[in-house]
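*Asks:* Per our numbering, residue 903 is the first one in the sequence shown, and the count goes up by one each step. Glycine included, each C-beta is placed from N, C-alpha and C at the ideal position. Please read these numbers as outputs of a predicted model, since none were measured by experiment.
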Amino acid sequence: MTTLSMPKLSQVPHWLIILFVFCFPFSTPIASYFATALVIFYLASGDWTQKWQAFKTSRVLHLCVALFAWTVFAAVYSEASHDFLMKDLFKYKKLLLAIPVFFYMTSLLKTRMVWAYVAAEFFSIALSLYKGHGLVHLLLTGTFEYSSNFRIYIIEGMHIALVMFILLSHFVENSKRRVLTGGLIFILCVHSVFLNGRMSLISLLLSLGYFLFWRLHNMRQRILAFVAACLLLFTAYQQVPLIQMRVDRTLAEAQQAFESGTPQSIRLQYFQISFDLFKSQPLLGRGPGSFHTATTSLSDKEGEFITLLHTHNEYLTLLSQYGLIGALLFVLLVMSSLRPMPGSHKSTDVHIAYVGMLLFLVNSLTDSMLYMEGFFFVYLIAYNYQTQKELKPCT
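1) How many angstroms separate the CA atom of F1073 from the CA atom of F1088?
2) Do the segment 1216–1228 and the segment 995–1015 touch if we need at least three Cβ pairs shorter than 8 Å?
3) Buried or exposed, going by whether 16 or more other CB atoms sit within 10 Å of the CB of Y1281?
4) Verify whether the separation of the beta carbon atoms of V974 and A1000 is less than 8 Å.
5) Which residue comes first and which comes last in the alpha helix (DSSP H) that contains L965?
6) Let me make sure I understand the geometry here. Which of V1142, L1029 and Y935 has the alpha-carbon closest to that of K996?
7) Where does the unbroken alpha helix (DSSP H) through L1106 begin, and where does it stop?
8) Taking just the CA atoms, how far does V1129 sit from T938?
9) Starting from V1233 and walking both ways along the alpha helix (DSSP H), at which residues does that stretch end?
10) State the Cα-Cα distance for the pair H916 and G1099, rounded to the nearest angstrom.
11) First and last residue of the alpha helix (DSSP H) that includes F928?
12) Is the beta carbon of L1235 closer than 8 Å to that of L969?
13) Determine the closest residue to S1238 out of I1283, D1178 and C1132, with distance taken between C-alpha atoms.
14) Could you check whether I1227 and L1263 sit closer than 8 Å to each other, using their CB atoms as the reference points?
15) Between F1136, S1192 and G1258, which lies nearest to S983 when the distance is taken from Cα to Cα?
16) Relative to the C-alpha of D1150, which candidate in F1096, A1063, K989 and T1043 has its C-alpha closest?
17) Compare the Cα-Cα distances from Q1288 to each of L1011, Q1140 and I920 and report the closest residue.
18) Please state if the CB of T1268 and the CB of E1075 are separated by a distance shorter than 8 Å.
19) Need the endpoints of the alpha helix (DSSP H) that E1023 sits in, please.
20) Could you pull out every residue in the same chain whose Cβ sits closer than 8 Å to the Cβ of A1229, ignoring the five residues on either side in sequence?
21) Is it right to say E981 is buried, meaning 16 or more other beta carbons lie within 10 angstroms of its own, or is it exposed?
22) Less than 8 Å between the beta carbons of N1215 and S1182, yes or no?
23) Report the three-state DSSP secondary structure of G1258 (helix, strand or coil).
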């Protein structure tokens, strides 16, 4: 009866957040519509005293605003052309979405967010079947080929790795649903074999390693599990030609990253350009648009730099364009967003946020994740946000 008596408008922001979470893993443009609707509802719904109080008491929100404001202020001293500057100026605006998300956050909404995120990944897998999945290609032609993901492959492995961690946790903690959960884990394992990108494999190994170290209680068990996992992976590599083909191709691509003239080696040029920009102005950075400006003088036979706005490394992007100040604000934001690691090994929610942030930070080594996956970052810090009821539990 209590649920039926509640005004329907009070549920609107919750549904907007759930739909936003469901969409961002496979479509940033669609997720942006729900994010915009959430912001409009937040601005039009009043309760400004409560909203100001919620903002005032959250250090994470302060740092989100500070980092966004600093990246915009950096335009004052940027030497980029107007076109490059405007393309790069507001790229961290997604951080501001944390303000309404934090305000409407509840424990129940967190649970729904997790399963909306999991559902989104399986929906993304279904879309890849339509576009051209590697498994389908293997069955039809007998040759190995990466899947044509609906989303850019660079970040697909990160999302799959986090969903794998969530499902493994659910498998251990919910014995009545192990058949269903085990089936979903098997689907993820098969899908992972055909994922493009070196970071996808690294993300999966990090997720599995974190899970083992979390669930096992002492160092002896952890060492034994690590050795057993290595033997299992090596056996799978030796005995399963498909896995061997996938790993060999990944190693070959990684090796080419250090060979000049190969497509993979282009990122070394990105890193060198950004580091040179940072050295020229370490404290403040060179401002938004500076990386794109620097690349215009390079030979562009393959069209690599036509639309390039970032370095393919979040840390170098922050250092080169926003200096040590911007990088420090990002570090403080990450540290403030994570609750202290609990002593209990059963605190699943906090571990999900930790492994999610770990995956985000590791993938930031090879891409500008705060720019490309800002919505995912907001999801992570919101999931680890403690509501007032969590901070002051009823006795």
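*Replies:* Taking the definition as stated:
1) Distance from the CA of F1073 to the CA of F1088, rounded to the nearest whole angstrom, comes to 12 Å.
2) Cβ pair count under 8 Å is below three, so no.
3) The residue in question, Y1281, is buried, as its Cβ has 16 or more Cβ neighbours within 10 Å.
4) Cβ distance not < 8 Å, so V974 and A1000 don't count as in contact.
5) Counting along the chain, the alpha helix (DSSP H) containing L965 begins and ends at R961 to F975.
6) It is Y935 whose Cα lies nearest to the Cα of K996.
7) Note, L1106: alpha helix (DSSP H), R1100 to R1117.
8) Put simply, the backbone Cα of T938 is about 48 Å away from that of V1129.
9) Judged by DSSP secondary structure, V1233 falls within the alpha helix (DSSP H) whose first and last residues are E1216 to S1239.
10) If I take the Cα positions, the gap works out to 34 Å.
11) No alpha helix (DSSP H) holds F928; DSSP gives it neither H nor E.
12) Cβ atoms of L969 and L1235: closer than 8 Å.
13) Here the closest residue by C-alpha is I1283.
14) In this structure, I1227 does not lie closer than 8 Å to L1263 by Cβ.
15) In terms of CA proximity to S983, S1192 leads the group F1136, S1192 and G1258.
16) In this structure, F1096 is the residue among F1096, A1063, K989 and T1043 with its C-alpha nearest to the C-alpha of D1150.
17) Here the closest residue by C-alpha is L1011.
18) For the 8 Å CB-CB criterion, E1075 and T1268 do not form a contact.
19) Residues S1009 to K1033.
20) Y1217, L1220 and L1221.
21) Classification of E981: exposed, given that the 10 Å Cβ count is below 16.
22) Contact flag unset, no.
23) In the three-state reduction of the DSSP assignment, G1258 falls in the helix class, which pools H, G and I.
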